[in-house]
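Input: a single structure, listed below in structure tokens.
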Amino acid sequence: MRLIRPCYQLAAQLNSYGIIPFNKLAQNQSKQWFCQGYTFQKLNHFSAMSEIKENCEEAELFSPNPNVRGMVDLDRDAFTKTIQVPVLRVRKEILNKVMKSLKHKVLRRPHLKRIIDDPKDDNNKDIILDPILVTSEESFDDRDRELFKQLDLSPQVSQVDLQITYENFKTDEILEAVLPKGQDVTSSFSRVGHIAHMNLRDHQLPYKNLIGHVILDKNPGLTSVVNKTNIIDSTYRNFQMEVLAGEENMMTKVKENGVTYEFDFSKVYWNSRLATEHDRITGFLKKGDVVFDVFAGVGPFAIPAAKRSCIVYANDLNPESYKWLVHNCKLNKVGNRVQAFNTDGREFIRTVVKEELSKCIKSSSPEKTSLHIVMNLPALALEFLDAFRCLLPEQPQMEIALPTVHCYGFSKDDNPEKEVKERAEEMLGATLESCAIHLVRKVAPNKEMMCISFQLPAVVLFGSDRNNDDEPSSKRPRTEEDSGVDSKTQV
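Numbering (this note's numbering), first residue to last: 248 to 738.
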């Protein structure tokens with residue numbers, strides 16, 4: 248049996264090598280290995296075991312002082328510790344050649360100098376080596392020794408004291424040392440310009456300000472760290488947020504897929520993780536296509552579509568989103584191809600979409616123009632599909648190109664594709680003979696964001712049996728001219 252030093256942060260890596268919680272492992276202790284409450288069977292791949300051992304030892308050596316555990320207010324000085332590290336003394340004239348050869352054995356830590364002065368001889372320099380990889384002269388391989396011979400260097404490894412400070416620790420190392428043992432540690436965030444957007448869990452909230460300051464310290468270019476709270480604006484579905492560290496300036500600029508967006512992050516919805524999805528949908532579009540963006544936000548679907556020379560009708564209920572949608576259209580010089588609206592999504596469908604769809608169907612050539620309706624409000628969009636029932640009074644006699652709907656939704660079902668399709672069919676009141684369902688991303692371990700794309704069935708779109716009580720006024724929703732939005736607004 249062999250004991251491996253404690254290493255909490257390697258749980259994921261250890262799991263990849265076959266770790267099983269010790270209370271679930273069959274008895275055969277002579278063939279088991281242990282690592283701080285975990286045990287796993289001896290593997291045939293000894294190189295893997297060696298790697299685990301080295302990583303565990305490194306984690307112990309470069310972990311902050313234990314007395315930082317439970318720290319709530321960040322005290323950077325408390326992380327300072329002194330360790331012993333090996334150094335190799337070399338002459339200045341051969342320093343670069345030796346460094347090049349030993350680059351994989353040199354100690355690598357954030358903001359740590361790898362070369363220090365020889366306190367006794369100005370003609371020499373000391374190269375700081377990784378204490379896990381180098382313990383003595385015997386740690387050098389044949390290639391190293393051959394170089395030493397060519398350079399007339401007699402390698403002598405000595406030990407020196409090295410002070411490790413807060414600046415030399417990684418984000419994960421700091422947070423793992425501070426938070427209670429056994430609890431999940433997060434250092435991930437979405438970057439929105441100069442803002443880091445975090446989603447902290449309940450057990451991390453007592454340490455939220457410390458976490459914010461660490462994220463700010465360790466990520467150059469950030470000036471604000473915010474956390475999403477559990478409070479949701481009931482009207483615009485925006486998550487409220489609090490500033491954990493840095494400035495309270497939420498005016499930001501983001502560049503995504505070659506498009507620049509400016510907005511007040513505290514008042515609109517933006518998710519940097521959807522960049523790939525925005526690009527995927529844009530890839531379906533061609534010049535001259537007509538796009539209706541029902542929940543447009545600040546324009547991540549609408550503006551790229553307009554840059555592809557599509558005709559775009561974009562809407563959002565949130566006045567702030569509408570304001571920045573108009574601003575970003577002008578910023579990206581596509582204002583002449585985008586008509587922006589500020590109204591409820593259902594009303595937008597039953598007025599603007601209805602009117603323009605009718606025009607497009609009568610005048611378009613199916614082989615040249617495609618119609619797309621984007622509905623990206625995953626918490627609610629599927630519930631808006633019934634607005635398409637009998638939207639147009641009668642079906643034209645000629646063959647037409649029916650619009651393609653791209654509708655987003657969340658699912659917690661074991662079979663999210665089936666569940667999303669059934670919900671869409673229920674709201675449409677018709678069966679979807681063919682559709683494409685795409686997994687956009689995992690929002691949580693049991694929650695997925697899906698996109699269902701389908702051609703709107705003619706049996707849904709055409710008809711006259713709608714309940715007239717639900718019909719809005721024929722007046723079109725307000726546009727930029729009606730709202731008085733200053734077209735020269737600058738961030």
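Where a beta carbon is used, it is the ideal one built from N, C-alpha and C, also for glycine.
Here the structure is a predicted model, which means the values were calculated and not measured.
Cβ shell of residue i (< 7 Å), same chain only, five flanking positions each side left out
| i | result |
| --- | --- |
| Arg-593 | Phe-631, Ala-634 |
| Glu-414 | Pro-357, His-358 |
| Ala-424 | Ser-310, Pro-311, Val-315, Arg-316 |
| Tyr-483 | Leu-564, Asn-565 |
| Lys-735 | Residue placement at Lys-735 cannot be trusted, given a pLDDT of 33 that sits under 50; the coordinates are not used to answer. |
| Gly-582 | Cys-576 |
| Pro-551 | Asn-504, Val-506, His-525, Thr-529 |
| Lys-606 | none |
| Ala-522 | Glu-503, Asn-504 |
| Leu-578 | Thr-507, Glu-509 |
Where residue i falls, given that 16 or more other Cβ within 10 Å makes a residue buried
| i | result |
| --- | --- |
| Asp-369 | exposed |
| Asp-408 | exposed |
| Leu-452 | exposed |
| His-450 | exposed |
| Ala-443 | buried |
| Ile-608 | buried |
| Ala-553 | buried |
| Ile-699 | buried |
| Ile-596 | buried |
| Asn-477 | exposed |
| Thr-499 | buried |
| Asn-562 | buried |
| Ile-558 | buried |
Pairwise C-alpha distance: residue j and residue i
| i | j | result |
| --- | --- | --- |
| Ser-739 | Thr-470 | Lying outside 248 to 738, the shown extent of the chain, residue 739 is not represented and no answer is given. |
| Ile-647 | Glu-641 | 13 Å |
| Leu-376 | Gly-468 | 31 Å |
| Thr-529 | Phe-309 | 47 Å |
| Lys-339 | Asn-371 | 5 Å |
| Gly-505 | Pro-402 | 53 Å |
| Leu-394 | Pro-378 | 21 Å |
| Ile-341 | Arg-392 | 14 Å |
| Thr-616 | Arg-636 | 23 Å |
| Asp-364 | Asp-431 | 41 Å |
| Glu-673 | Lys-428 | 47 Å |
| Gly-284 | Glu-666 | For Gly-284, the pLDDT reaches just 39, beneath the cut-off of 50, and the residue's location in the model is therefore unreliable, leaving the point undetermined. |
| Ala-671 | Lys-580 | 36 Å |
| Gln-274 | Asp-660 | With a pLDDT of 37 at Gln-274, under the threshold of 50, the predicted position of this residue should be treated as unreliable, though the coordinate-derived value follows. In a straight line, the C-alpha of Gln-274 is about 38 Å away from that of Asp-660. |
| Pro-313 | Ala-325 | 10 Å |
| Phe-588 | Tyr-569 | 7 Å |
| Thr-590 | Thr-598 | 10 Å |
| Arg-438 | Glu-680 | 40 Å |
| Leu-354 | Lys-360 | 9 Å |
| Thr-327 | Tyr-454 | 20 Å |
| Lys-396 | Pro-366 | 25 Å |
C-beta contact flag for residue i and residue j at 7 Å
| i | j | result |
| --- | --- | --- |
| Pro-311 | Phe-416 | yes |
| Lys-352 | Leu-398 | no |
| Leu-524 | Val-687 | It is worth fixing the name first, because residue 524 is Glu in this sequence and not Leu. The answer is yes: Cβ separation under 7 Å. |
| Gly-459 | Leu-491 | yes |
| Met-488 | Asp-511 | no |
| Ile-411 | Val-461 | no |
| Phe-701 | Val-652 | yes |
| Gly-493 | Leu-463 | yes |
| Phe-548 | Asp-536 | no |
| Tyr-655 | Ala-628 | yes |
| Val-332 | Val-345 | no |
| Glu-567 | Lys-601 | no |
| Pro-663 | Met-697 | yes |
| Asp-388 | Val-334 | no |
| Asn-485 | Phe-542 | no |
| Leu-447 | Asn-474 | yes |
| Glu-603 | Ser-658 | no |
| Leu-457 | Leu-321 | yes |
| Val-404 | Ser-434 | no |
| His-619 | Val-690 | no |
Close beta carbons around residue i, own chain, < 6 Å, minus the five adjacent residues each side
| i | result |
| --- | --- |
| Ala-677 | Pro-704, Val-706, Val-707 |
| Pro-643 | none |
| Tyr-508 | Val-501, Val-545, Asn-575 |
| Gln-586 | Tyr-560 |
| Leu-638 | Lys-601, Leu-708 |
| Asn-693 | Lys-659 |
Chain-order list of residues whose beta-carbon lies under 8 Å from that of residue i (same chain, five-residue window excluded)
| i | result |
| --- | --- |
| Ser-556 | Lys-534, Gly-535, Arg-584 |
| Ser-348 | Arg-390, Asp-391, Leu-394 |
is_contact[residue i, chain C] using C-beta, thresh 7 Å
| i | result |
| --- | --- |
| Gly-535 | The structure shown has no chain C; it contains just one protein chain. |
Along the chain, which unbroken stretches of the alpha helix (DSSP H) at least 4 residues long are found entirely within the region 529-569?
549-554
So within the region 350-423, which uninterrupted beta strand (DSSP E) runs reach at least 3 residues, ignoring any that extend past its ends?
362-364, 371-375, 404-411
Completely contained beta strand (DSSP E) runs for the region 567-646, where each covers 3 or more residues:
585-588, 618-622
Ignoring anything shorter than 4 residues, give me the alpha helix (DSSP H) runs that lie fully in the region 303-354, in order along the chain.
342-348
Which full runs of the alpha helix (DSSP H) of 4+ residues lie inside the region 454-493, going along the chain?
455-465
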